[in-house]
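To convert, take the position in the sequence shown, counting from 1, and add 244; that gives this note's numbering.
Step one of this worksheet: look at the structure below.
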Amino acid sequence: MSGHSRGLAWAIAFAACTSASALVARAVQAQIMPTPAGATALAAPSTPDMRWRVGQCMGGVTYGAPFKWAVSYGGGMIYEGDRLDLCALAVAKVGLGGAGASIGLATSYGSLGTGSAITGGILRTFGDPLNATARRTYVGGAVHLWPVLVLGGEIGYYVRLGHDAGGASHGKKVVTWSAGFGF
């Protein structure tokens, strides 16, 4: 595996994690900002009402590469604001072709369940994955989109980890994808 490909995959995963961390930090900082000296309790807050809780951000059933049929669940810290909903999440996905774990940031827009997420993570293929080498570990990132309530998909880029002496070049870089429905 070339150093450039591995570096790109690590950069995608790092960018997803740091983006999520920065947005969560800004939101938490706004939530805990002290009242300025001389301000009264009746004064209107300069930041929107912040509401954080732990809960489910995403879950569902999908079909795609390399997992084939899979179930996923994502939960974490959820922020429900007046104009913006966010979730700093951890996701687990298990399918017939592999399993994966990732972290990232999701957001939703409007009342129809439209949303998006960016995640970085690691996946391990099983004996017969779709479009990937069996029994290998990959690292990378993905973009998830939900155009309408309960329907959505994802596309990602992952690079195989480890040194595979004499291994085929097929499957060293994997474009992951899935489509499905969830809640």
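For every residue, glycine included, the Cβ atom is placed at its ideal position computed from N, Cα and C.
These figures come from a predicted structure and were not determined experimentally.
Using CA coordinates, which residue listed in Pro-310, Ala-314, Gly-320, Arg-295 is at the minimum distance from Gly-304? Here residue 304 refers to the residue found at position 60 when the sequence shown is read from its first residue. Between Gly-304 and the set Pro-310, Ala-314, Gly-320, Arg-295, the nearest pair of CA atoms involves Ala-314.
Considering Gly-384, what are the terminal residues of the beta strand (DSSP E) in which it resides? Here residue 384 corresponds to residue number 140 of the sequence shown, with the count starting at 1. Judged by DSSP secondary structure, Gly-384 falls within the beta strand (DSSP E) whose first and last residues are 381–392.
Under the assumption that Gly-348 contacts Leu-333 (Cβ atoms under 8 Å), give the Cβ distance between them as a whole number of angstroms. The sequence position of residue 348 within the sequence shown is 104, counting from 1. The sequence position of residue 333 within the sequence shown is 89, counting from 1. So it is a contact: roughly 6 Å between Cβ atoms.
Can you find the residues in the same chain that come closer than 7 Å, C-beta to C-beta, to Arg-297, ignoring five residues on each side of it along the sequence? Locating residue 297 in the sequence shown gives position 53, where the first residue counts as 1. Cβ within range, chain order: Ile-322.
Distance between beta carbons of Gly-400 and Ala-386, contact taken as under 8 Å: On the sequence shown, residue 386 is found 142 positions in, with the first residue counted as 1. On the sequence shown, residue 400 is found 156 positions in, with the first residue counted as 1. For Ala-386 against Gly-400, the beta-carbon gap comes to about 3 Å, under 8 Å, which counts as contact.
Hey, quick one: how far does the beta strand (DSSP E) through Thr-377 stretch, first residue to last? Residue 377 sits at position 133 when you count from the first residue of the sequence shown. Taken as a continuous stretch (DSSP letters only), Thr-377 belongs to no beta strand (DSSP E), as it is neither H nor E.
Measuring CA to CA, which of Phe-425, Val-383, Val-394 is closest to Val-419? If you number the sequence shown from 1, residue 419 lands on position 175. Nearest to Val-419 by C-alpha distance, out of Phe-425, Val-383, Val-394, is Val-383.
If you draw a straight line from the alpha carbon of Leu-389 to that of Gly-406, how long is it in whole angstroms? Counted from its first residue, the sequence shown places residue 389 at position 145. Counted from its first residue, the sequence shown places residue 406 at position 162. Rounded to whole angstroms, the gap between the alpha carbons of Leu-389 and Gly-406 is 30 Å.
Check Ser-422 in the structure and name its three-state DSSP category. Position 178 of the sequence shown holds residue 422. Ser-422 falls in the strand class under three-state DSSP.
With 16 other CB atoms within 10 Å as the buried threshold, where does Val-392 fall? Here residue 392 corresponds to residue number 148 of the sequence shown, with the count starting at 1. Of the residues assessed, Val-392 falls on the exposed side of the cut-off, its CB having fewer than 16 other CB atoms within 10 angstroms.
Assuming Tyr-307 contacts Ala-423 under a Cβ cut-off of 8 Å, what Cβ separation, rounded to an integer in Å, is found between them? As a working note, residue 307 is residue 63 in the sequence shown. As a working note, residue 423 is residue 179 in the sequence shown. Going by Cβ atoms, the distance from Tyr-307 to Ala-423 rounds to 7 Å, so yes, they are a contact pair.
Hey, would you say Gly-397 sits closer than 9 Å to Arg-368, going by beta carbons? Residue mapping note: residue 397 aligns to position 153 of the sequence shown, counting from 1. Residue mapping note: residue 368 aligns to position 124 of the sequence shown, counting from 1. No.
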